[in-house]
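In terms of the working numbering, the sequence shown has 439 at position 432, counting the first letter as 1, and numbering is strictly consecutive.
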Amino acid sequence: MELLIMVLMLLMLIGASNVINRFIPFVPVPIVQIALGVAAAYMPGFHHVPLDPELFLVLFIAPLLFNDGKVIPRDELWRLRKYILLMALGLVFATVLLAGPFIHWLIPAIPLAASFALAAILSPTDAVAVGSLSSRVKLPGSMMRLLEGEALMNDASGLVAFNFAIAAALSGEFSLPTAIGSFIVIAAGGLILGAVLGFAVIWLRLFLRRLGIEDVTLHMLLIIVTPFVIFLAAEECHVSGILAVVAAGLVHSIERERLESSSSRLRVVSDSTWSVILYVLNGLVFILLGLEIPEVVAAVWEDPAYNNARAIGYIFAVTALLLLIRFAWVWLTNRRHSRTALLMTLSGVRGALTLAAAFSIPAFFNNGRPFPERGLMLYICAGVILLTLVSASVFLPLLTRGAKKAAGEAREERGVNEREARIRMLESGLRTIREEMTEENKREAVDMMSEYNRRLQRTRLEGRADYRKEWRTTIAIRLEAMKAEREVVLSLQREEKITEAMGSRMLTAISQMELILSKRLILKRTAILTWFAAKRLLFGKGRASRISPDHPNWQTFKEARLACIRGAIERLKELEAEGGAERDIVRAVLADYKEMELRLQHDWFMDAGKSGRNELSGELELKAIQAERNEIQAMFEQGDIDRNLAGCLRSDVNYREASVFESRTVHAEGAH
């Protein structure tokens with residue numbers, strides 16, 4: 008019961024941190040969560056929360072890195088591979104080699120091997136902490152990708168270096184060739200095993216699909232347990248579990264469209280579920296970090312053997328050296344400007360993984376002798392984590408503030424890009440509808456294509472300076488099409504293919520439409536009101552007689568109306584062939600006429616039987632929505648849109664998708 012209460016209180020603290028952040032938005036959520044963790048450490052039931060390093064890696068780091076591997080753009084990761092490897096491997100080992108001797112010189116009581124171990128766990132940046140920066144600090148896209156890629160890979164190199172240093176401290180022996188060989192085996196083995204197991208999970212899910220097992224709950228369960236199983240399997244095989252889950256995440260990223268495109272509902276459930284999981288895990292990481300800090304600090308401050316001012320000085324000295332090494336490495340390897348190098352330096356935030364690894368330092372040697380200065384090493388780790396996090400939170404917004412003016416100048420360009428992105432997204436959905444159209448779902452496909460064409464036309468016109476001009480062009484093109492309809496009706500009357508009364512009725516309908524499209528708004532309203540008043544006066548208030556499929560002259564009227572529509576289509580095709588800037592508008596009007604032609608051919612204007620076709624319409628719309636989502640991801644991976652715009656577009660798509668599901672649910676309930 009105590010464990011349950013503690014977990015519930017931790018979850019409540021996560022919620023409270025976000026509420027508090029609403030009132031003090033200038034303070035990052037991670038710092039608020041650490042502060043809440045520190046405060047909770049003095050509450051009953053929290054002061055004995057142990058931070059088990061192995062459990063921490065499995066429970067928190069594995070799923071977080073797996074998800075990061077899934078969502079990170081593969082193209083950018085590959086493009087930045089050289090710099091990512093330099094940061095994740097080169098910088099880590101350079102930090103260990105330079106900071107280790109410095110720590111031993113600064114604090115002679117810490118043995119050299121233990122100093123190397125401390126430098127190793129302080130060298131990697133934390134993926135969770137780096138991710139927390141992106142929501143508050145707008146770093147350049149390529150820099151954020153580089154930081155994310157570095158955080159994915161450097162945990163493994165830092166932990167491997169740490170394990171070798173601890174082994175050397177315990178045994179007093181160290182072999183560089185053996186260490187290099189072991190590192191290659193551990194890293195390569197983790198990547199290979201993670202990729203193989205990732206493909207195995209994908210094969211299992213596809214196999215279940217082929218058996219007809221489409222249960223969303225089962226597939227979500229497989230997705231959730233995947234990082235835990237792969238991490239434990241890799242550790243059991245004595246290779247890097249961290250790199251294994253990263254590799255599995257990248258594999259799932261490659262196969263994601265193939266796995267989830269056929270089930271839009273699975274995509275929605277998966278995104279929602281992972282969103283909750285990541286929200287909880289990220290919050291727990293920082294709250295647990297805060298819970299451990301008072302105990303770590305008290306172990307040093309309450310010990311008379313330590314000078315508190317000197318202990319704080321150790322934290323500042325070690326942090327300054329780490330930042331200096333990082334700045335020099337970025338400057339020398341990437342040849343970046345000083346401001347960019349400074350941004351990269353301050354973005355190298357350390358996180359809870361550093362403290363978790365520090366807790367794995369053994370308390371005693373094999374001979375029972377206490378490990379020297381273990382408490383001070385934990386204290387330095389906690390201090391460096393807090394100092395790097397606070398430094399990034401304070402100075403990064405100041406450094407990026409200078410970019411706001413440029414961002415404002417680019418806002419107009421972004422608006423254009425947003426419209427173009429929406430056009431590409433809609434065109435992708437429209438192509439999918441055309442490809443998926445069959446005899447069975449033709450009616451639904453035509454309806455949907457018409458709706459997509461209207462949305463495309465609106466999107467193309469929105470935001471343009473010549474919006475009014477293009478709208479007038481649209482009206483002119485429609486009037487030209489109606490002129491062609493009128494000519495066809497007059498021709499049919501002359502050839503006596505329709506009666507005088509039917510021809511008069513059709514010409515009146517065309518005149519009404521021309522009047523509605525008139526540019527003179529007042530005249531239009533007056534004419535419409537006059538028309539309906541005259542109609543009531545002449546025909547009464549009842550429903551006017553109209554031609555329907557059960558009318559004896561229905562077939563004649565249908566053929567005449569089809570002839571009018573085809574005449575308009577021919578005229579529109581001539582306008583399209585002439586080219587010009589209004590070609591897109593012509594195509595939109597042409598699509599409307601083609602829809603009318605198909606509707607009339609198949610009598611698709613009655614409401615009868617509509618409820619029985621909702622399933623076909625829903626399935627087709629979900630496929631189109633999935634195509635839009637795939638196009639958004641493709642644009643994001645190609646760098647055509649940024650993460651914020653991609654998120655905005657995805658939100659629109661998700662909302663429409665939810666509406667489709669809700670509509671299908673309502674109809675299904677109504678059927679019963």
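Backbone N, C-alpha and C fix where the C-beta goes; we use that ideal spot for every residue, glycine too.
Whole-Å CB distance - Glu589 paired with Met432, under 8 Å assumed: Working through the sequence shown from its first residue, we reach residue 589 at position 582. Working through the sequence shown from its first residue, we reach residue 432 at position 425. Between Met432 and Glu589 the Cβ distance is about 23 Å, and since that is not below 8 Å, they are no contact.
For the pair the stretch 167 to 178 and the stretch 357 to 373, tell me if three or more CB-CB distances fall below 8 Å. Contact check between the stretch 167 to 178 and the stretch 357 to 373: three or more CB pairs, one atom from each, fall below 8 Å, which counts as touching.
Starting from Ile505 and walking both ways along the alpha helix (DSSP H), at which residues does that stretch end? Your numbering for residue 505 matches position 498 in the sequence shown. For Ile505, there is no enclosing alpha helix (DSSP H), as DSSP marks it with neither H nor E.
Compare the C-alpha of Phe564 against each of Met520, Glu581, Arg512, Ala595 and name the closest. Sequence index remark: in the sequence shown, residue 564 carries index 557 (1-based). Residue Arg512 holds the alpha-carbon nearest to the alpha-carbon of Phe564 among Met520, Glu581, Arg512, Ala595.
Going by the beta-carbon positions, is the gap between Leu329 and Thr102 smaller than 8 Å? Stepping through the sequence shown from its first residue, residue 329 is reached at position 322. Stepping through the sequence shown from its first residue, residue 102 is reached at position 95. By the CB criterion at 8 Å, Leu329 and Thr102 fall inside the cutoff.
Helix, strand or coil: how does DSSP classify Pro131 here? The count along the sequence shown starts at 1 and reaches residue 131 at position 124. Pro131 falls in the coil class under three-state DSSP.
Per DSSP, what are the beta-bridge partners of Ala371 in this structure? If you number the sequence shown from 1, residue 371 lands on position 364. With the sequence shown as reference, residue 371 is identified as Phe, and Ala is not the correct amino acid for it. In the DSSP output, where bridge partners are listed per residue, Phe371 has Pro377.
With DSSP as the reference, label Asn170 as helix, strand or coil. Here the question's residue 170 lines up with position 163 in the sequence shown. Reduced to three states, the DSSP call for Asn170 is helix.
Member of Leu213, Phe33, Leu349, Leu360 whose CA lies at the smallest distance from the CA of Ala127: Within the sequence shown, numbered from 1, the residue matching residue 127 stands at position 120. By alpha-carbon distance to Ala127, the top candidate from Leu213, Phe33, Leu349, Leu360 is Leu360.
With three or more beta-carbon pairs closer than 8 Å as the criterion, would you say the stretch 234 to 249 touches the stretch 191 to 209? The count of Cβ pairs closer than 8 Å, one atom from the stretch 234 to 249 and one from the stretch 191 to 209, reaches three, so the stretches are in contact.
Range of the contiguous alpha helix (DSSP H) that encloses Phe109: Translated into positions along the sequence shown, residue 109 becomes position 102. Boundaries of the alpha helix (DSSP H) harbouring Phe109: 98 to 113, taken from the DSSP string.
Among residues of its own chain, excluding the 5 on either side of Gly510, which ones have a beta-carbon nearer than 7 Å to its beta-carbon? Counting from 1 along the sequence shown, the entry for residue 510 is found at position 503. Here the set comprises Val496, Leu499, Gln500.
Of the listed residues Ala584, Glu521, Ala488, nearest to Ala570 (C-alpha basis): Within the sequence shown, residue 570 is the residue found at index 563, counting from 1. Taking only the C-alpha atoms, the option nearest Ala570 is Ala488.
With the cut-off set at 8 Å, would you say Asp162 and Ile284 are in Cβ contact? On the sequence shown, residue 162 is found 155 positions in, with the first residue counted as 1. On the sequence shown, residue 284 is found 277 positions in, with the first residue counted as 1. Not closer than 8 Å, so no.
Arg578 to Cys655, Cα distance in whole Å? Position 571 of the sequence shown, counting from 1, holds the residue named residue 578. Position 648 of the sequence shown, counting from 1, holds the residue named residue 655. If you draw a straight line from the Cα of Arg578 to the Cα of Cys655, it comes to about 40 Å.
Is the CB-CB distance between Met150 and Met351 below 8 Å? Here residue 150 refers to the residue found at position 143 when the sequence shown is read from its first residue. Here residue 351 refers to the residue found at position 344 when the sequence shown is read from its first residue. Yes, the Cβ-Cβ distance between Met150 and Met351 is below 8 Å.
Residues near Ala121 by beta carbon distance below 6 Å, same chain, minus five either side: Against the sequence shown, residue 121 aligns to sequence position 114. Excluding residues within five positions, the ones whose Cβ falls inside 6 Å are Ala176.
If we count the other Cβ atoms within 10 Å of its Cβ and call it buried at 16 or more, is Phe214 buried or exposed? Taking the sequence shown and counting its residues from 1, one reaches residue 214 at position 207. Phe214 counts as exposed, since fewer than 16 other C-beta atoms from the protein chains shown sit within 10 angstroms of its C-beta.
Under the rule that 16 or more other beta-carbon atoms within 10 Å means buried, what is Thr729, buried or exposed? A query on residue 729 cannot be resolved here, the shown segment of the chain reaching from 8 to 679 and no further.
For Val99, which residues in the same chain have their Cβ closer than 7 Å to its Cβ, ignoring the five residues on either side in sequence? Indexing the sequence shown from 1 puts residue 99 at position 92. Around Val99: Ser130, Pro131, Asn161, Ser164, Gly165, Ala168.
Are Gln40 and Gly297 close, meaning C-beta to C-beta below 8 Å? Along the sequence shown, one-based indexing puts residue 40 at 33. Along the sequence shown, one-based indexing puts residue 297 at 290. Between Gln40 and Gly297, the gap from beta carbon to beta carbon is short of 8 Å.
Arg573, DSSP secondary structure in three states: Looking up residue 573 in the sequence shown gives position 566. DSSP places Arg573 in helix when its eight states are reduced to three.
For Gly205, report the span of its alpha helix (DSSP H) as first-last. On the sequence shown, position 198 is the one that residue 205 refers to. Counting along the chain, the alpha helix (DSSP H) containing Gly205 begins and ends at 183 to 217.
Whose C-alpha, out of Phe293, Ile319, Cys244, is nearest the C-alpha of Ala305? The count along the sequence shown starts at 1 and reaches residue 305 at position 298. Nearest Cα to Ala305 within the set Phe293, Ile319, Cys244: Ile319.
Three or more C-beta pairs closer than 8 Å, one from the stretch 593 to 605 and one from the stretch 453 to 468: is that the case here? Yes, they touch.
Give me, in chain order, the residues of the same chain whose beta-carbon lies closer than 6 Å to that of Ile440; leave out the 5 immediate sequence neighbours on both sides. Looking up residue 440 in the sequence shown gives position 433. Result list for Ile440: Ala452, Met455, Met456, Ala631, in chain order.
DSSP three-state label for Ser354, please. Here residue 354 refers to the residue found at position 347 when the sequence shown is read from its first residue. Here Ser354 carries a coil assignment [DSSP, helix/strand/coil].
In angstroms with no decimal places, state the Cα-to-Cα distance between Ala174 and His245. Here residue 174 refers to the residue found at position 167 when the sequence shown is read from its first residue. Here residue 245 refers to the residue found at position 238 when the sequence shown is read from its first residue. If I take the Cα positions, the gap works out to 15 Å.
Check whether the Cβ atoms of Val287 and Leu72 sit closer than 8 Å, and answer yes or no. Start at 1 with the first residue of the sequence shown, and residue 287 comes out as number 280. Start at 1 with the first residue of the sequence shown, and residue 72 comes out as number 65. Judged by beta-carbon spacing, Leu72 lies beyond the 8 Å limit of Val287, meaning their Cβ atoms are not closer than that value.
Mind checking which residues open and close the alpha helix (DSSP H) that includes Leu87? Position 80 of the sequence shown holds residue 87. First-last for Leu87: undefined, no H or E at that position.
In chain order, what residues of the same chain have a beta carbon less than 7 Å from the beta carbon of Ile322, not counting five sequence neighbours either side? The sequence position of residue 322 within the sequence shown is 315, counting from 1. The residues are Ile387, Gly390, Val391, Leu394.
I'd like to know whether the C-beta atoms of Pro379 and Pro115 end up nearer to each other than 8 Å. Taking the sequence shown and counting its residues from 1, the one referred to as residue 379 is at position 372. Taking the sequence shown and counting its residues from 1, the one referred to as residue 115 is at position 108. Against a cut-off of 8 Å, the Cβ pair of Pro115 and Pro379 comes out as no contact.
Would you say Arg333 and Gly358 are within 8 Å of each other, going by their C-beta atoms? Taking the sequence shown and counting its residues from 1, the one referred to as residue 333 is at position 326. Taking the sequence shown and counting its residues from 1, the one referred to as residue 358 is at position 351. No, they are not a contact pair.
Identify, in the order they occur along the chain, each residue of the same chain with its Cβ nearer than 6 Å to the Cβ of Gly196, setting aside the five sequence neighbours on each side. Position 189 of the sequence shown, counted from the start, is the residue given in the question as residue 196. Hits under 6 Å: Val246.
What does the alpha-carbon distance come out to for the pair Leu383 and Ala47? As a position in the sequence shown, residue 383 is number 376, starting the count at 1. As a position in the sequence shown, residue 47 is number 40, starting the count at 1. Taking the straight line joining both Cα atoms gives about 23 Å.
Quick one: grab the DSSP three-state call for Glu446. Looking up residue 446 in the sequence shown gives position 439. Here Glu446 sits in coil by DSSP.
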